[in-house]
Amino acid sequence: GDFKADPSEAYSVSSQSLLTLPLIQSAFCCQYQIANIQKNLQKPQLMKKLLNSAFLIILGFYFLVGHFGYFTFTFTFSKNSNLLKIFATQVGNIWYIRAANVLMIFSIVAHFPLTAFGLRRTFESMIWKDQDAPTKWRMISCVVIMVIAGLIGSV
16 GDFKADPSEA
26 YSVSSQSLLT
36 LPLIQSAFCC
46 QYQIANIQKN
56 LQKPQLMKKL
66 LNSAFLIILG
76 FYFLVGHFGY
86 FTFTFTFSKN
96 SNLLKIFATQ
106 VGNIWYIRAA
116 NVLMIFSIVA
126 HFPLTAFGLR
136 RTFESMIWKD
146 QDAPTKWRMI
156 SCVVIMVIAG
166 LIGSV
């Protein structure tokens, strides 16, 4: 089917737009290894310049995509906030839309253990003090954290 977007409405931003802030924070701030890499470089100022440049480029790109995407899907988002479901209903249930949904779910599941690393290490340090937790208990704690977060997120 052909894609037909609803008419756009300029700058009608609701307070629900603030619900995207955790996603933006996660995209920008969950790279734990960058600070350690920067400390070990011979020229940390160069790394700082590169990080700031990359941050501004990505922020500009996110802003443009979000800005024009918002105008394209203003009324459609009020019905359903899942962009991939909107494509599936307006374009049709095509294989690459289904593949994009599966890949999005996979990226979230694969990325979540990194973002939960601090929480997992905190719990482990309370139980095992200065030792590393056994691998079995690391896996169990990761699964428990993911299940609890999934349950909270699905409510």
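16 is the number of the first residue of the sequence shown in our numbering; add one for each residue after it.
Here a beta-carbon is modelled for each residue, glycine too, at the ideal position from N, C-alpha and C.
Specify the secondary structure class of residue i as computed by DSSP and reduced to three states.
i	result
K151	helix
Q60	helix
I142	helix
I109	coil
Does the beta-carbon distance from residue i to residue j come in below 7 angstroms?
i	j	result
R135	S122	no
Whole angstroms are fine: how far does the CA of residue j sit from the CA of residue i?
i	j	result
K151	I167	24 angstroms
L66	A115	29 angstroms
K64	F78	21 angstroms
I142	R153	12 angstroms
A164	F138	15 angstroms
D145	M161	24 angstroms
V159	L118	23 angstroms
L61	A69	12 angstroms
F83	G75	12 angstroms
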